[in-house]
Amino acid sequence: MPRALPSTREMIAQLIASPSVSSTAPESDMGNRGVIDLVADWSESLGFDVEIQPVSDGKFNLIARAGSGSDGLVLSGHTDTVPCDPDLWNSDPWVASERDDRIYGLGSCDMKSFLALALAASRKTDLGKLRQPLTLVATADEESTMNGARLIADNGRKLGRCCVIGEPTGLLPINQHKGCLTLMVRFDGRSGHASDPGLGNSALESMHDFIGRLFVYRERLQRNYNNPAFTIPTPTMNLGHIHGGDSSNRICGSCTLSIDIRFLPGMTVASLRADIDEIAAEVADRFGQTFNSEIIGSGGKAMLTDEASEIAQVLTRLTGKKPSSVAFGTEAPYFNDMQTETIVIGPGSINQAHQPDEYLPLEHIEPTVKMLDDLIAHFCR
Ligand SMILES: [Zn+2]
392 MPRALPSTRE
402 MIAQLIASPS
412 VSSTAPESDM
422 GNRGVIDLVA
432 DWSESLGFDV
442 EIQPVSDGKF
452 NLIARAGSGS
462 DGLVLSGHTD
472 TVPCDPDLWN
482 SDPWVASERD
492 DRIYGLGSCD
502 MKSFLALALA
512 ASRKTDLGKL
522 RQPLTLVATA
532 DEESTMNGAR
542 LIADNGRKLG
552 RCCVIGEPTG
562 LLPINQHKGC
572 LTLMVRFDGR
582 SGHASDPGLG
592 NSALESMHDF
602 IGRLFVYRER
612 LQRNYNNPAF
622 TIPTPTMNLG
632 HIHGGDSSNR
642 ICGSCTLSID
652 IRFLPGMTVA
662 SLRADIDEIA
672 AEVADRFGQT
682 FNSEIIGSGG
692 KAMLTDEASE
702 IAQVLTRLTG
712 KKPSSVAFGT
722 EAPYFNDMQT
732 ETIVIGPGSI
742 NQAHQPDEYL
752 PLEHIEPTVK
762 MLDDLIAHFC
772 R
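Note that the sequence shown covers residues 392 to 772 in the numbering used here.
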């Protein structure tokens, strides 16, 4: 039997108390079943039909639906948090601690509280009488691989016409963000004694040539792509770390470079990767070496939702603010891929996310519930 819905602050406290760190580092990674079960229980108590979707070992998505059809509104949040270092916190990260008109706790703003606030807003509506469906989505692994959102998009079942993802934006509507590609490129030559260049084939020298060509490519990207909606209006490319060789008296046999590209809406992971592979192939060919490239992590896509979309228009009216951009990635592109027009807007600030003493300002709770209730009224009632 589902329990009755606890108070909003009690729900936030229970969600924070259920650890759900996700990380590409296996020693930090945890499952998220505890959070999923809480949201499932509360959703059922309100009359939602709940589906729990296995994503990977110990990882689950939740889709709670009320009403029928493929129209309506989706309210989505991720269940996972980044890892934390409890020694740097002033209170236990897994205990919601209220002080200074804030709720402190891991996931308080990024973004477990939003799940509680979406439930609190849903409680205000008779779910048996919806004109269009209302869907709550809680995803796995947003902070690590985005595998939860990817699975939902791959299943291809449209969950609604519009979607709100409640990442911490200080309750400002966001319609675009950059994408992020992390690529490792390795050149393999041949090691040999340093005294005779003919005894090997230096991967450090091919890498040097490759880096020079990458800088030319970066200039070309920055000439061709510019979007003034972003603080940094061009794509960026950072060469983050490099490793090659083992000793000054040996020719370097292999060399690896890690590249971080933040790209604009309209650019894709596939085309960037193809360009870089083409450059690497030219270098490998010139040096008589081989190369290998590998995408690390999620290869997060860029987001762009039309300002003229209904969800953007409604949120502009409700907040008095036109949609703008953020510097962080979200799951929004996966919903946009399903033709579900998505805006990112939620309580708390990204400045507190991924930080010790992460908090949600109490003053954001009521305005968020009111905004979500207004959206449910507009799209579903
Ligand atoms: Zn987040």
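Note that beta-carbon positions come from the ideal geometry of N, C-alpha and C, so glycine has one too.
Own chain residues within Cβ distance below 8 Å of residue i, not counting five before or after
i: R772; result: T516, K520, L521 and R522
i: G425; result: S409, P410 and S411
i: P397; result: Q405 and W433
i: R664; result: L572, L574, S684 and I686
i: D676; result: none
i: G438; result: A457, L518 and G519
Cβ shell of residue i (< 6 Å), same chain only, five flanking positions each side left out
i: A511; result: T399 and V760
i: P752; result: R493
i: F726; result: C554 and T733
i: P624; result: N617 and N618
i: G591; result: R581, S582, G583 and I642
i: V674; result: S597, D600 and F601
i: V705; result: H769
i: R609; result: M628
i: E401; result: none
Supposed contact pair residue j and residue i - C-beta distance, whole angstroms, cut 8 Å
i: I767; j: L563; result: No, I767 and L563 are not in contact; Cβ-Cβ is about 20 Å, not under 8 Å.
i: I670; j: R604; result: 5 Å
i: N538; j: A531; result: 7 Å
i: E722; j: E534; result: That belief does not hold up - the Cβ atoms of E722 and E534 are roughly 11 Å apart, past 8 Å.
i: M502; j: G737; result: 6 Å
i: C658; j: G570; result: According to the sequence as given, residue 658 is Met; it is not Cys. Correct: roughly 7 Å between the Cβ atoms.
i: H568; j: A693; result: 7 Å
i: N423; j: D462; result: In fact, because the Cβ distance is near 29 Å, the residues do not count as touching under 8 Å.
i: G711; j: S499; result: No, G711 and S499 are not in contact; Cβ-Cβ is about 26 Å, not under 8 Å.
i: S513; j: L527; result: 7 Å
Buried/exposed call for residue i, threshold 16 Cβ in 10 Å
i: A672; result: exposed
i: A703; result: buried
i: S359; result: In the structure as shown, the chain begins at 392 and stops at 772. Residue 359 is therefore absent and cannot be evaluated.
i: F578; result: buried
i: E701; result: exposed
i: E754; result: exposed
i: W713; result: Reading off the sequence shown, one finds Lys at residue 713, where the question assumed Trp. Exposed, because fewer than 16 other Cβ atoms sit within 10 Å of the Cβ of K713.
i: F770; result: buried
i: R611; result: exposed
i: R552; result: buried
i: S662; result: exposed
i: A509; result: buried
i: Q743; result: buried
i: G547; result: exposed
i: G635; result: buried
i: E757; result: exposed
i: P559; result: buried
i: L542; result: buried
i: T415; result: exposed
i: F606; result: exposed
i: P656; result: buried
i: P484; result: buried
i: S413; result: buried
i: V344; result: For the chain, the structure presents residues 392 to 772; residue 344 sits outside this window and is missing.
i: S467; result: buried
Nearest neighbour of residue i, chosen from the options [CA to CA]
i: C475; options: D420, I623 and D432; result: D420
i: M575; options: A723, P624, F682 and H584; result: F682
i: G644; options: P619, A620 and S597; result: S597
i: F621; options: P397, V717 and K692; result: V717
i: I642; options: G739, R581 and N452; result: R581
i: L763; options: R490, L525 and D471; result: L525
i: E435; options: T415, L508, Q444 and R456; result: R456
i: P626; options: G635, Q613, D728 and A487; result: Q613
i: P588; options: N640, H745 and R708; result: N640
i: A699; options: E732, P417, S499 and Q680; result: E732
i: Q746; options: K712, T707, G496 and K569; result: G496
i: D668; options: T707, G679 and F601; result: F601
i: S431; options: E442, T710 and G422; result: Ser is not the amino acid found at residue 431; the sequence shown has Ala there. Ranking E442, T710 and G422 by Cα distance to A431 puts E442 first.
i: G460; options: W485, L550 and S662; result: L550
i: G557; options: C646, L572 and L506; result: L506
i: R806; options: D765, Y750 and E757; result: Because the chain spans 392 through 772 in this model, residue 806 falls outside it and cannot be assessed.
i: Q680; options: Q730, C646 and L655; result: C646
i: V446; options: D545, G561 and D697; result: D545
i: I427; options: S638, I407, A487 and G458; result: I407
i: A540; options: P417, S586, E418 and N452; result: N452
i: D440; options: P484, I454 and L709; result: I454
i: D765; options: G561, S638, D728 and L709; result: L709
Neighbourhood of residue i by C-beta distance below 7 Å, restricted to the same chain and skipping five residues each side
i: I565; result: P714, S715, S716, V717, I734, V735 and I736
i: D748; result: W480, N481 and Y495
i: H632; result: S649
i: F719; result: H568 and I741
i: P724; result: K692, A693 and M694
Sequence-ordered residues whose beta carbon comes within less than 5 Å of a heavy atom of ligand 1 | That query returns the following residues: D501, M502 and E558.
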